[in-house]
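Counting from 1, one number per residue, gives the positions in the sequence shown under UniProt numbering.
Here is the structure we will look at.
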Amino acid sequence: MRAILVSEPGGPEVLQWREVPDPRPGPGEVLIDVTAAGLNRADLMQRQGIYPPPPGASEILGMECSGVITEVGEDVEGFSPGDEVCALLAGGGYAEKVAVPWEQVLRVPEGVSTRDAAVLPEVACTVWSNVFMTARLRRGETLLVHGGASGIGTFAIQLAKALGSRVVVTAGTAEKAARCVELGADEAINYREEDFAEKVRADVVLDIMGAKYLEKNVSVLNTGGRLVVIGLQGGTKGELNLGALLGKRGSIHATALRGRPVAEKGAIVRGVDQNVWPLVGAGAVRPVVHATVPMAEAARAHQMLESGEHIGKVLLTR
């Protein structure tokens, strides 16, 4: 098969479309003939050499894909050749085929094309596990999402609104802010022009910035508020005022999805299947695809993601 390989750590130009050995499904795995793969910021970091895949995972980039199952290994439950699916991966999505544990596979939701389903697994599992399983956002509470126009942000807006919460986001341009409102955000704050800490109070904060926003994120929490850090684009080390956190009876969680054991990922995937997929099938939550790029031109897709001009997800297609 062909796949995108990283010749050496560096810029998008190091991505090369090459022939590699076909993967084979082991026990508990299915083999997917890939239709499309979603891009994630972690892919850029892996390409740069600063975010290696977990031990035992494929060195090929790609943390989510969609396609058709062509083969199943022993001890696979609920899936057969010919099923149209999408999957959460530890790696291997930028390829014509990928083997993945069956617990991390989802059927393509009703009303979504097999191609567009490729952008759903990573954002759906990230938002469901962090906002709802960890932070336990409840109906009527306020969610603050940083990076509202990102893939995770656009999904979080729709899912939180569909489940009855108020949603506030930050965004870097007026165009992105307007798109977030179109997707259901109650308020969109242009962080280049306004200080979000002066405008909002939240029960749950979904943060991709880390250290840069730590103090302000704690300041906006309501009593009993929960801050969930899932990215470190603003640095890894910051000063935490424990007195402020204690006074709010607040909590901070820092989580990552990619390196979790298959059993943990499987539990998240089952939660998505039971609680999120019906909303996608009903049209209350939809994939937001900014652009599609042929897989062989993955370098161009990486440049697009790095520009920061996208809204939603960038998709690689076969």
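Even glycine gets a Cβ: it sits at the ideal position worked out from N, Cα and C.
Ordered list of beta strand (DSSP E) runs contained in the region 86–155, each at least 3 residues: Counting only runs of 3 or more, we get 97–101, 105–107, 142–145.
Residue 312 - partner residues in DSSP beta bridges: Position 312 of the sequence shown, counted from the start, is the residue given in the question as residue 312. In DSSP, residue 312 forms a bridge with 150.
Top-ranked residue by Cα proximity to residue 306, from 264, 233, 254, 28: Taking the sequence shown and counting its residues from 1, the one referred to as residue 306 is at position 306. That would be 233, whose Cα lies nearest to the Cα of residue 306.
Straight-line gap, residue 356 to residue 227 (C-alpha atoms, nearest Å): Given that the chain is displayed from residue 1 to residue 318, the structure contains no residue 356 and the question cannot be resolved.
Residue 160 to residue 119 span [Cα, whole Å]: Residue 160 sits at position 160 when you count from the first residue of the sequence shown. Residue 119 sits at position 119 when you count from the first residue of the sequence shown. Residue 160 and residue 119: Cα-Cα distance of roughly 18 Å.
Residues that DSSP places opposite residue 190 in a beta bridge: Taking the first residue of the sequence shown as 1, we reach residue 190 at position 190. Beta-bridge pairing links residue 190 to 171.
Expected contact under 8 Å - CB spacing of residue 271 and residue 63 to nearest Å: Within the sequence shown, the letter at position 271 stands for residue 271. Within the sequence shown, the letter at position 63 stands for residue 63. With a Cβ gap of about 18 Å, residue 271 and residue 63 do not count as contacting.
Segment limits, beta strand (DSSP E) that includes residue 5: As a first step, residue 5 must be located in the sequence shown, where it is residue number 5. In the DSSP assignment, residue 5 falls within the beta strand (DSSP E) that extends over 2–6.
Ordered list of alpha helix (DSSP H) runs contained in the region 229–269, each at least 4 residues: DSSP runs (the alpha helix (DSSP H)) wholly in the region 229–269: 242–247.
Minimum Cβ-Cβ distance from residue 263 to chain D less than 8 Å: Among the chains of the structure shown, chain D does not appear; only one protein chain is present.
Through-space distance from residue 164 to residue 15, alpha-carbon basis: The residue labelled residue 15 in the question sits at position 15 within the sequence shown. The residue labelled residue 164 in the question sits at position 164 within the sequence shown. When the Cα atoms are used, residue 15 and residue 164 turn out to be separated by approximately 42 Å.
Three-pair Cβ contact test at 8 Å for the region 171–178 versus the region 140–160: Between the region 171–178 and the region 140–160 there are three or more inter-stretch CB-CB distances shorter than 8 Å, so the stretches are counted as touching.
Chain-order list of residues whose beta-carbon lies under 7 Å from that of residue 192 (same chain, five-residue window excluded): Locating residue 192 in the sequence shown gives position 192, where the first residue counts as 1. Exclusion of the five residues before and after residue 192 leaves 172 as the residues of its chain whose Cβ lies within less than 7 Å of its Cβ.
Same chain, Cβ closer than 6 Å to residue 245, neighbours up to 5 away in sequence not counted: By 1-based counting over the sequence shown, the position of residue 245 is 245. Correct list, in chain order: 218.
Beta bridge counterpart(s) of residue 66 as assigned by DSSP: Translated into positions along the sequence shown, residue 66 becomes position 66. The partner list for residue 66 (beta bridge, DSSP) reads 36, 86.
Residue 291: first and last residue of the uninterrupted beta strand (DSSP E) it sits in: For this step, residue 291 is matched to residue 291 along the sequence shown. Per DSSP, residue 291 is one residue of the beta strand (DSSP E) stretching across 289–294.
Distance between beta carbons of residue 97 and residue 44, contact taken as under 8 Å: Stepping through the sequence shown from its first residue, residue 44 is reached at position 44. Stepping through the sequence shown from its first residue, residue 97 is reached at position 97. Rounded to the nearest angstrom, the Cβ distance from residue 44 to residue 97 is 23 Å, too far for a contact under 8 Å.
Top-ranked residue by Cα proximity to residue 33, from 255, 278, 86: Against the sequence shown, residue 33 aligns to sequence position 33. With distances taken between Cα atoms, residue 33 lies closest to 86.
Helix, strand or coil at residue 281 [DSSP, three-state]: Along the sequence shown, read from residue 1 onward, the residue named residue 281 stands at position 281. Annotated three-state conformation of residue 281 is helix, per DSSP.
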